[in-house]
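S.K.: Residue numbers (the working numbering): 229 to 485. All residues carry an ideal CB built from backbone N, CA and C; glycine is no exception. Here the structure is a predicted model, which means the values were calculated and not measured.
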Amino acid sequence: MDLERERRGAVEIFRINRPEARNALNAAVISGIGRGMEEADADPEVRAIVLTGTGDRAFCAGMDLREFASAGGSGAAADGDAADAYMRFIKGGIRKPLIGAANASAVAGGFELLLACDMVVASSDAKFGLPEVKRALFPAGGGVFLGRRIPLAVALELTLTGDTFDASRALALNLVNVVVPAERVLDEAIALAERVGANGPLAVQVTKQLVRWAAYLPADEVWRRQEEVQASVFASEDAREGAVAYIEKRQPVWRGR
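Put into structure tokens, the structure is as follows:
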């Protein structure tokens, strides 16, 4: 199976399982991620999602160039609905927190997968990059937005040279949250997902969306959107449970409403 799924408590784990192809993105992987992310997002038992890869060679090497070449340059032929779901994930359309677990190198579309995640735990051995220009392509899976995350000159350096960079530079550029030895990556990512998932699910989802909006939208627009959702969160059952649990000195029991 090219994409494996596993549930650990309230954490859903997606693992790209094509180690012989450096976990490259083919139609099956794209379809599986697209459909799977939407299923996990709709499942009330899932509080957070982790995305990782199999083996020690790559988290994901990006688009499967053999499949791309055989398709005449049209890319991996995922069906329409699954491809649309995949792009919704890439564009930030998943409400639940997403943790990327970069077990090894992530380049091209693999790096763009990490850019779509909310937080990233990376292997100290990992390399990163957007080498599409080396193949006369451009980073069409979100890489063109890199200049919103890091200084524009650096984003242009990385996208126009196509050069790779190591985990220490990724950390210095704030593109990953933590760097650990390869054997600890998945455990650290799950632990981070569990810490986030222990909080009120409705509050987590709304906070994620507002913080993402605040990074790109004008302040007045973010305040307007916050006002639209504030009453539903502050008047929720979970908000009352959070206050009561604090007073009673116990762990809250969240309902997600």
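1. How many angstroms separate the CA atom of glycine 235 from the CA atom of tyrosine 314?
2. What does the alpha-carbon distance come out to for the pair valine 439 and valine 432?
3. Would you check if there are 3 or more beta carbon pairs closer than 8 Å linking the segment 285 to 297 to the segment 235 to 254?
4. Is the separation between the beta-carbon of glycine 281 and that of asparagine 331 shorter than 8 Å?
5. So, for leucine 399: in the same chain, excluding its five sequence neighbours on each side, which residues have a beta-carbon less than 7 Å away from its beta-carbon?
6. List the residues that DSSP assigns as beta-bridge partners of alanine 252.
7. How would you write the range of the alpha helix (DSSP H) that arginine 453 sits in, first residue to last?
8. Confirm, please, whether the CB-CB distance from proline 480 to aspartate 421 is below 8 Å.
9. Quick one: any contact between the segment 272 to 280 and the segment 410 to 430, if contact means 3 or more CB pairs under 8 Å?
10. Among Asp309, Ala419 and Gly371, which residue has its Cα nearest to the Cα of valine 349?
11. Just the Cα atoms here: how many angstroms apart are glycine 484 and alanine 364?
12. For glycine 390, which of Glu360, Leu279 and Glu411 has the nearest alpha-carbon?
13. Alanine 330 by DSSP, collapsed to three states: which one?
14. If you compare alpha carbons, which of Leu414, Arg478 and Leu386 is closest to alanine 329?
15. Is DSSP giving serine 352 helix, strand or coil here?
16. Compute the beta-carbon to beta-carbon distance between arginine 215 and leucine 403, rounded to the nearest angstrom, for a pair I have assumed lies under 8 Å.
17. Taking Cβ positions, are alanine 383 and alanine 354 nearer each other than 8 Å?
18. Look at the alpha carbon of valine 257 and the alpha carbon of leucine 388, and state the distance between them as a whole number of angstroms.
19. Please report how far the alpha carbon of leucine 279 lies from the alpha carbon of alanine 473, in whole angstroms.
20. Relative to the C-alpha of arginine 412, which residue among Asp284, Pro379, Ala344 and Ala238 is closest?
21. Strictly by DSSP, which residues pair up with leucine 358?
M.R.: According to the structure shown:
1. Here the question's residue 235 lines up with position 7 in the sequence shown. Here the question's residue 314 lines up with position 86 in the sequence shown. Residue 235 is actually arginine in this sequence, not glycine. Their Cα atoms are separated by approximately 20 Å.
2. Here residue 439 refers to the residue found at position 211 when the sequence shown is read from its first residue. Here residue 432 refers to the residue found at position 204 when the sequence shown is read from its first residue. Between valine 439 and valine 432, the C-alpha separation is close to 10 Å.
3. The segment 285 to 297 vs the segment 235 to 254: in contact.
4. For the purposes of this step, residue 281 is taken as the residue at position 53 of the sequence shown. For the purposes of this step, residue 331 is taken as the residue at position 103 of the sequence shown. The Cβ atoms of glycine 281 and asparagine 331 sit closer than 8 Å to each other.
5. Translated into the one-based positions of the sequence shown, residue 399 becomes position 171. So the qualifying residues of the chain are Val407.
6. As a first step, residue 252 must be located in the sequence shown, where it is residue number 24. Its beta-bridge partners do not exist; DSSP assigns none.
7. On the sequence shown, position 225 is the one that residue 453 refers to. Where arginine 453 is concerned, the enclosing alpha helix (DSSP H) stretches over 447 to 462.
8. Residue 421 sits at position 193 when you count from the first residue of the sequence shown. Residue 480 sits at position 252 when you count from the first residue of the sequence shown. First, the amino acid is wrong: residue 421 is alanine here, not aspartate. Remark: C-beta atoms of alanine 421 and proline 480 do not approach each other more closely than 8 Å.
9. The answer is yes - the segment 410 to 430 touches the segment 272 to 280, with three or more Cβ pairs under 8 Å.
10. Working through the sequence shown from its first residue, we reach residue 349 at position 121. Residue Ala419 is the option with its Cα nearest to valine 349.
11. As a first step, residue 484 must be located in the sequence shown, where it is residue number 256. As a first step, residue 364 must be located in the sequence shown, where it is residue number 136. Cα-Cα distance, rounded: 47 Å.
12. By one-based count along the sequence shown, residue 390 stands at place 162. Ranking the options by Cα distance to glycine 390, first place goes to Glu360.
13. In the sequence shown, counting from the first residue as 1, residue 330 sits at position 102. Residue state, collapsed to three classes: strand.
14. The residue you call residue 329 lines up with position 101 of the sequence shown. Of the listed residues, the one whose Cα sits closest to alanine 329 is Leu414.
15. Within the sequence shown, numbered from 1, the residue matching residue 352 stands at position 124. Correct three-state label for serine 352: coil.
16. With the chain covering 229 to 485 only, the question about residue 215 has no answer from this structure.
17. Within the sequence shown, numbered from 1, the residue matching residue 383 stands at position 155. Within the sequence shown, numbered from 1, the residue matching residue 354 stands at position 126. Their beta carbons are not under 8 Å apart, which means alanine 383 does not touch alanine 354 by this criterion.
18. Working through the sequence shown from its first residue, we reach residue 257 at position 29. Working through the sequence shown from its first residue, we reach residue 388 at position 160. Just so you know, the alpha carbons of valine 257 and leucine 388 end up roughly 27 Å apart.
19. Position 51 of the sequence shown, counted from the first residue, corresponds to residue 279. Position 245 of the sequence shown, counted from the first residue, corresponds to residue 473. Rounded to the nearest angstrom, the gap between the Cα atoms of leucine 279 and alanine 473 is 32 Å.
20. By 1-based counting over the sequence shown, the position of residue 412 is 184. When Asp284, Pro379, Ala344 and Ala238 are compared, the shortest CA-CA separation from arginine 412 is found for Asp284.
21. By one-based count along the sequence shown, residue 358 stands at place 130. Per DSSP, none; premise fails for leucine 358.
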